[in-house]
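First the structure, in the form of structure tokens, and then the observations on it.
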Amino acid sequence: MIDFAAMVVPALFGAFGATARFGVMNLMKPGRWSWGLFVVNMGGSLFVGIAVGAASLDALSWATASAVFAFAAGFTTFSTLTLTAAEWANRGETVRGLALTAAHVMFGALVAGAGYISATTVLGA
38 MIDFAAMVVP ALFGAFGATA RFGVMNLMKP GRWSWGLFVV NMGGSLFVGI
88 AVGAASLDAL SWATASAVFA FAAGFTTFST LTLTAAEWAN RGETVRGLAL
138 TAAHVMFGAL VAGAGYISAT TVLGA
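So the sequence shown is numbered by our numbering: it starts at 38 and just counts up by one.
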């Protein structure tokens with residue numbers, strides 16, 4: 038039997054994340070650098086790092102962590118990142134597109150790691 042709550046909760050949190058992304062990206066209109074895109078991707082990385090760190094110490098249930106993951110999945114946007122990088126490359130700004138992609142991947146990993154370390158340090162003490 039399928040657990041209805043197990044299907045609905047992630048769907049709702051994913052929708053909340055997508056709505057929050059829409060708000061952030063509309064507030065931070067793209068200019069020379071897509072700061073709204075950067076903020077949502079770094080925010081999602083931080084949320085996931087903290088949730089995994091807290092769940093690894095049993096300070097957060099995996100069900101609650103899964104809701105955070107669903108929010109982060111709706112909040113972040115890999116497809117917009119790749120499209121933006123491709124558009125820049127298509128306009129002859131390949132280095133800028135590569136820099137955008139590298140910045141999101143490298144800083145996203147650093148932010149997720151910082152969230153994990155912060156959560157385990159604060160909650161493990």
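Think of the CB as a built atom: it goes at the ideal place given N, C-alpha and C, for glycine as much as any other residue.
Here the C-alpha atom of residue 143 lies approximately 12 Å from the C-alpha atom of residue 75. Pairing residue 68 with residue 113 gives a Cβ-Cβ distance that is not under 7 Å. The Cβ atoms of residue 50 and residue 92 lie no closer than 7 Å to each other. Per the coordinates, the alpha-carbon of residue 56 lies some 31 Å from the alpha-carbon of residue 132. Boundaries of the alpha helix (DSSP H) around residue 154: 131 to 161. For residue 87, the enclosing alpha helix (DSSP H) covers residues 72 to 93.
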